[in-house]
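Peer 1: The following block contains the structure, expressed as structure tokens.
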Amino acid sequence: MRITLSFATTADGYLDDNTDRRLMISTPEDWEAVLRLRGECDAILVGAETLRRDNPGLLLRDPAVRARRVAAGLKPDLTKVTLTRSGRLDPALRFFTEGKADRHVFSEKKIPAVENLATVISSEGSITPAFVVAELERRGIRHLLVEGGAEILRMFLDAGLVDTVRRAVNPRLRLGPERGGAQFRFEPPQGAPCTLENLGGMEVLTCTLRPDTAEEDRRWLAEAVREGFRCTPCASCYCVGAVVVLPDGRAFRGYTHETSPTHHAEQEAIAKALAAGADLHGAAIYSSMEPCSQRSSEPESCSQLILRHGFARVVFAGYEPACFVHCQGARMLREAGVDVRVYPELARGVQEANAHLSR
Numbered sequence: 001m002r003i004t005l006s007f008a009t010t011a012d013g014y015l016d017d018n019t020d021r022r023l024m025i026s027t028p029e030d031w032e033a034v035l036r037l038r039g040e041c042d043a044i045l046v047g048a049e050t051l052r053r054d055n056p057g058l059l060l061r062d063p064a065v066r067a068r069r070v071a072a073g074l075k076p077d078l079t080k081v082t083l084t085r086s087g088r089l090d091p092a093l094r095f096f097t098e099g100k101a102d103r104h105v106f107s108e109k110k111i112p113a114v115e116n117l118a119t120v121i122s123s124e125g126s127i128t129p130a131f132v133v134a135e136l137e138r139r140g141i142r143h144l145l146v147e148g149g150a151e152i153l154r155m156f157l158d159a160g161l162v163d164t165v166r167r168a169v170n171p172r173l174r175l176g177p178e179r180g181g182a183q184f185r186f187e188p189p190q191g192a193p194c195t196l197e198n199l200g201g202m203e204v205l206t207c208t209l210r211p212d213t214a215e216e217d218r219r220w221l222a223e224a225v226r227e228g229f230r231c232t233p234c235a236s237c238y239c240v241g242a243v244v245v246l247p248d249g250r251a252f253r254g255y256t257h258e259t260s261p262t263h264h265a266e267q268e269a270i271a272k273a274l275a276a277g278a279d280l281h282g283a284a285i286y287s288s289m290e291p292c293s294q295r296s297s298e299p300e301s302c303s304q305l306i307l308r309h310g311f312a313r314v315v316f317a318g319y320e321p322a323c324f325v326h327c328q329g330a331r332m333l334r335e336a337g338v339d340v341r342v343y344p345e346l347a348r349g350v351q352e353a354n355a356h357l358s359r
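For the sequence shown, the tail end lands on 359 under UniProt numbering, and the numbers increase by one without skipping.
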């Protein structure tokens, strides 16, 4: 999933003031650019406090933008997403009442009042950005726009899951601590590619935090998918292929049950790399399916194996269906700091390799 953070602040770093009215920081030119950005995304996420404070509808109202999305095979409206720890959400909020967009609420508590208005997604324990990303990816979200508030912006930045940050600053607007509400500051990491433009007086900084690796990822991932077709179909496991790619360019391939009736594809590829004397720290592994997070045939899951050997990146095509277990490999890896990328456009081959399980 591609994740973009977008926010506007005053010159002294405030996202809003301390009144109960919405503070408009952006100029019309900047706001127009934000609406264009929204039109390029699949989903928009704001925190529950933002819903309670500003009551946004989060709809795309421009008919031309909606028509372009439909022509591109997208839904006319963005999927609306929010996070809440308290579960304190009023079903009368515009988030729930306006538009026909899909709505997802991540909550640590049950919210009976909104369960008929949105999909409520709960987690064992606290909700993390890694959990949110995995659950949205499972539901087909490819590009997520995160617009705040301050706590949500910090959560995603601290988790290392942000690809692009768009920071718009109004240099003519200052609030000071007496009038200021939530404050949020972002300074680009050293060496991060950034551009700066002026939109009607707004100073807009756009920074790339994670490089685009899609071309290389798809090439190696296609090899992993092909490896999956080498498996002998089995009623108790998936046919999966994997490729380990070292920083020096060497690659090692494997597929499920290649040398052992209990080995998964990731194990097979890793075993070959270790037999060649490879140091796997910083390596990437491409798997046709999400690495498992629990299993009964061996004591260590593939996700645990990947973490133990210090892999830096994990790339896969399809999330593991909830056929045998409820896999949480992507979440586990992301929460441990591994860069996880998913390319569902390559999942058709995974489904074909595992057609025997759906008959």
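Here a beta-carbon is modelled for each residue, glycine too, at the ideal position from N, C-alpha and C.
Mind checking residue 1: buried by the 16 CB within 10 Å criterion, or exposed?
Peer 2: Classification of residue 1: buried, given that the 10 Å Cβ count is 16 or more.
Peer 1: Are the beta-carbon atoms belonging to residue 184 and residue 209 less than 7 Å from one another?
Peer 2: Cβ atoms of residue 184 and residue 209: not closer than 7 Å.
Peer 1: What alpha helix (DSSP H) runs, 4 residues minimum, are completely inside the region 251 to 338?
Peer 2: Listed in chain order, they are 265 to 275, 302 to 308 and 329 to 335.
Peer 1: Rank 273, 320, 296 and 297 by C-alpha distance to the C-alpha of residue 306 and give the top, closest one.
Peer 2: Out of 273, 320, 296 and 297, 273 has the C-alpha closest to the C-alpha of residue 306.
Peer 1: Would you say residue 30 and residue 199 are within 7 Å of each other, going by their C-beta atoms?
Peer 2: A contact, by the Cβ cut-off of 7 Å.
Peer 1: Tell me which residues share the same chain as residue 288 and place their Cβ nearer than 6 Å to its Cβ, disregarding the 5 neighbours each side in the sequence.
Peer 2: The answer, listed in chain order, is 224, 225, 228, 240, 241, 317 and 350.
Peer 1: Determine the DSSP secondary structure at residue 152, reduced to helix, strand or coil.
Peer 2: The answer is helix: DSSP assigns residue 152 an H, G or I state.
Peer 1: Counting pairs of beta carbons, one from the region 270 to 284 and one from the region 232 to 252, are three or more of them closer than 8 Å?
Peer 2: They touch, by the three-pair rule.
Peer 1: Could you spell out where the alpha helix (DSSP H) holding residue 181 opens and where it closes?
Peer 2: Residue 181 -> no alpha helix (DSSP H), and no H or E assigned at all.
Peer 1: In the DSSP assignment, the beta strand (DSSP E) including residue 7 goes from what residue to what residue?
Peer 2: Residues 2 to 10.
Peer 1: Return the CA-CA distance between residue 276 and residue 297, expressed in angstroms with no decimal places.
Peer 2: Their backbone Cα atoms lie some 26 Å apart in a straight line.
Peer 1: Cα separation between residue 132 and residue 97?
Peer 2: The alpha-carbon atoms of residue 132 and residue 97 are separated by roughly 23 Å.
Peer 1: Can you tell me where the alpha helix (DSSP H) with residue 27 in it begins and where it stops?
Peer 2: Taken as a continuous stretch (DSSP letters only), residue 27 belongs to no alpha helix (DSSP H), as it is neither H nor E.
Peer 1: Compare the beta carbon distance of residue 93 and residue 161 with 7 Å and say whether it is the shorter of the two.
Peer 2: No.
Peer 1: Work out the CA separation of residue 331 and residue 137 for me, nearest whole Å.
Peer 2: Residue 137 and residue 331: Cα-Cα distance of roughly 11 Å.
Peer 1: Does the distance from the CB of residue 121 to the CB of residue 78 come in under 7 Å?
Peer 2: Contact: no.
Peer 1: Per DSSP, what kind of secondary structure is residue 46 in: helix, strand or coil?
Peer 2: Three-state DSSP puts residue 46 in a strand.
Peer 1: For residue 167, count the other beta carbons within 10 Å of its own beta carbon; 16 or more makes it buried, fewer makes it exposed. Which is it?
Peer 2: Flag for residue 167 reads buried.
Peer 1: Please state the DSSP three-state secondary structure of residue 59.
Peer 2: If DSSP states are grouped into helix, strand and coil, residue 59 belongs with coil.
Peer 1: Is any beta-carbon of chain B found at less than 7 Å from that of residue 129?
Peer 2: Checking the listed chains, one finds no chain B in this structure; it contains a single protein chain.
Peer 1: Have a look at residue 111 and residue 299 and give me their C-alpha separation to the nearest angstrom.
Peer 2: The alpha-carbon atoms of residue 111 and residue 299 are separated by roughly 37 Å.
Peer 1: Take residue 148 and list the residues in its own chain whose beta-carbon comes closer than 7 Å to its own, dropping the five residues that flank it on each side.
Peer 2: The residues are 7, 15, 46, 47 and 50.
Peer 1: Between the alpha carbons of residue 341 and residue 309, how many angstroms are there, rounded?
Peer 2: Whole-angstrom Cα-Cα distance: 19 Å.
Peer 1: Are residue 59 and residue 99 touching if we call contact CB-CB under 7 Å?
Peer 2: In this structure, residue 99 lies closer than 7 Å to residue 59 by Cβ.
Peer 1: Would DSSP call residue 227 helix, strand or coil?
Peer 2: Three-state result, residue 227: helix.
Peer 1: Please name the residue or residues paired with residue 241 in a DSSP beta bridge.
Peer 2: In the DSSP output, where bridge partners are listed per residue, residue 241 has 255.
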